Amino acid sequence: MNVLILYASNSGSNYHSAVTIADILAQKHRVVIKNASEVQISDIEKAKLIVMGSPSWMVNGEEGMPHEDVLHIMDALQSTRYSQKKFALFGCGDKRYTFFCGAVDHMENFVKKIQAKEVISPLKIDGFYFQLDESIKQIESWSKKLLKAL
Ligand SMILES: Cc1cc2nc3c(=O)[nH]c(=O)nc-3n(C[C@H](O)[C@H](O)[C@H](O)COP(=O)(O)O)c2cc1C
1 MNVLILYASN SGSNYHSAVT IADILAQKHR VVIKNASEVQ ISDIEKAKLI VMGSPSWMVN
61 GEEGMPHEDV LHIMDALQST RYSQKKFALF GCGDKRYTFF CGAVDHMENF VKKIQAKEVI
121 SPLKIDGFYF QLDESIKQIE SWSKKLLKAL
């Protein structure tokens, strides 16, 4: 299966998560990993599974938002219907904020809107760098579950 791992990251935690997920999915699938700022519509078209990850951030004064590059992609695709596409969502956030991993909730709404299929419950990671080993274990375990669900 062609897999696109699309991520945005300001301080690296979502990037590290994306790389860890890619390593595991690449055991059985063709995986392309791209920063959201570099993703073209053709990348989306080629992929059967899109794994999408974003930090939660303050955008235009609103808390718990996806990264602007991810917002840009969702805007560009929002009127397309992708009922044949599979999605899996992840995000690193921080429970001290009002909307913990709010970006993931926005991405879930987007997946519903384009009528695609979410193949696994989203992964929300709290304080990635504060408990690095635990975070990596969480990502590995989720990625293995995802691999089985495909
Ligand atoms: C300005 C700012 C706003 C943030 N807002 C939220 C938020 O609303 N919800 C949340 O769960 N985390 C929030 N975070 C935490 C980040 O999402 C978290 O540190 C994440 O790991 C960053 O991902 P990155 O390392 O890939 O950039 C915020 C962090 C900053 C600096």
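So in UniProt numbering, spot 40 of the sequence shown is number 40, and the numbers just go up one at a time. Ideal Cβ positions, reconstructed from N, Cα and C, are used throughout, including at glycine. On a predicted model such as this, the values are computed, not experimentally measured, just so you know.
Leaving out five residues before and five after residue i in sequence, what residues of the same chain have Cβ atoms less than 6 angstroms from its Cβ?
i: H106; result: P66
i: F87; result: I50, V111, A116, E118
Which residues mark the beginning and the end of the alpha helix (DSSP H) in which residue i is found?
i: E63; result: Not the alpha helix (DSSP H): E63 falls in the beta strand (DSSP E), residues 62-66.
i: K148; result: 132-149
My understanding is that residue i touches residue j, with C-beta atoms under 8 angstroms, so please give their C-beta distance in whole angstroms.
i: A26; j: V70; result: 22 angstroms between Cβ atoms; not a contact.
i: I44; j: L89; result: With a Cβ gap of about 15 angstroms, I44 and L89 do not count as contacting.
i: Q138; j: I120; result: About 13 angstroms; that fails the 8 angstroms criterion.
Is residue i helix, strand or coil by DSSP?
i: M1; result: coil
i: N35; result: strand
i: G93; result: strand
i: K48; result: coil
i: Y7; result: strand
i: S56; result: strand
i: L88; result: Looking at the sequence provided, one finds Ala at residue 88 rather than Leu. A88: strand per DSSP, three-state reduction.
Please list, in chain order, all residues of the same chain as residue i whose beta carbon is under 8 angstroms from its beta carbon, the five residues on each side excluded.
i: T80; result: I114
Residue i: which of the options sits nearest, CA to CA?
i: K148; options: A8, H29, Y7, G61; result: H29
i: E38; options: I5, L89, V59; result: I5
i: K46; options: N14, Q78, K85, G12; result: K85
i: S56; options: S42, S83, G12, L132; result: G12
Counting along the chain, where does the beta strand (DSSP E) carrying residue i start and finish?
i: residue 154; result: Any answer about residue 154 is impossible in this case: the structure gives the chain only from 1 up to 150.
What residues in its chain sit with their C-beta under 7 angstroms from that of residue i, if we drop five residues either side in the sequence?
i: V31; result: V3, I5, A22, L25
i: E140; result: T20, I24
i: I136; result: T20
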